[in-house]
Structures are given as C-alpha cells and as structure tokens.
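Below is one structure, written out as structure tokens, with a few remarks after it.
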Amino acid sequence: MPEQTLLFYEDIMDAIIKMVNGNPKGLSIKQIAMDLWPSRNPDTARAAFSRALNEENNDVNLNPPELVKTMHITSRPEDIIYFLCDEFGFERPARKDKSTFEREVKGQVRDIQERIGAVLQELKRMETGK
74 MPEQTLLFYE DIMDAIIKMV NGNPKGLSIK QIAMDLWPSR NPDTARAAFS RALNEENNDV
134 NLNPPELVKT MHITSRPEDI IYFLCDEFGF ERPARKDKST FEREVKGQVR DIQERIGAVL
194 QELKRMETGK
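Count the sequence shown with this note's numbering and you get residues 74 to 203, in order.
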C-alpha cells in the first residue's frame, strides 16, 4: 500500500510524533529510545523519549543531532523535512530512489576519473616538454 503524504503539519511536534508513530519499521517508542540513547537503561530511555514527545513536558527535548538520529532510526525523515519546507516556503523535495542515487554517484566518479586522466596527461606533456 503506498504511503500517504500528509498535506500539512500543525507544528514541529506534530511532525515528530507522526514520524515516530508512522515509522515503516514498526519500531516502538522504547525501541527508538534505546537506539537513540544506547547507554541509558531501556526504561529510562523510553521515559525520556516519551517526555520529549509530550508537548506538556518541557524538561526533556531532542537536540538537533538527536532529532537527525531519530530521523535515521525511524527511516521516515520526510515528516520533518516536509514540515520545515512548508514552514519556510520551500517546495517539498521528491525522495531519490536507490537506483537514481547510485547512477548519480557513478556518473560523478566517472567524471572525476576523466578529469584525473586529463590532468595526468597534461603532467606527462609538461615533463616531456611537448
């Protein structure tokens, strides 16, 4: 079943909660919290993460690196990205598929190899004086 793109988010907390609850891996809040803070006791991590997701509690907040890590853990970064695009007036980007990304990287590597070859040829000409 295709994933439904949300038309809007009420605020950043709405986007974070939708990212966590809609993660395609089906991870629980406890599993996400344990991945986010592996050195913490699992129950402590879950409690802290739950408090961070609750707008009524201001004592625990995700800092930017923790938010990015949560985006990686949940494999659903688009909720945050789309919220930020909407908030600041940018177009929502299309997600690259793996084959497109691989093709772009291979093209860049090929371009770099060609440039290196041209530089080496120029160096060889300079050394031989031709």
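All C-beta atoms in this analysis are idealised placements derived from N, C-alpha and C, irrespective of residue type, glycine included.
Name the residue from the options whose alpha carbon lies nearest to the alpha carbon of residue i.
{"i": "Pro97", "options": "Gln194, Arg119, Gly190, Met144", "result": "Met144"}
{"i": "Ser148", "options": "Ala125, Asp159, Asp108", "result": "Asp108"}
{"i": "Pro138", "options": "Ile146, Arg176, Asn94", "result": "Ile146"}
{"i": "Thr117", "options": "Glu129, Arg198, Ile102, Leu140", "result": "Ile102"}
{"i": "Met86", "options": "Ala120, Arg183, Asn130, Gln186", "result": "Asn130"}
{"i": "Val133", "options": "Val141, Ala120, Lys142", "result": "Ala120"}
Hey, residue i and residue j are a contact pair by Cβ (cut 8 Å); roughly how many whole angstroms apart?
{"i": "Ile90", "j": "Ile153", "result": "Contact flag wrong, Cβ pair sits at about 11 Å."}
{"i": "Val93", "j": "Leu135", "result": "The pair is not a contact, with the Cβ atoms about 11 Å apart (cut-off 8 Å)."}
Give the secondary structure of residue i by DSSP, where H, G and I count as helix, E and B as strand, and everything else as coil.
{"i": "Phe156", "result": "helix"}
{"i": "Gly180", "result": "helix"}
{"i": "Ala118", "result": "helix"}
{"i": "Glu128", "result": "coil"}
{"i": "Glu139", "result": "helix"}
So, is residue i buried or exposed, given that buried needs 16 or more other C-beta atoms within 10 angstroms?
{"i": "Phe122", "result": "buried"}
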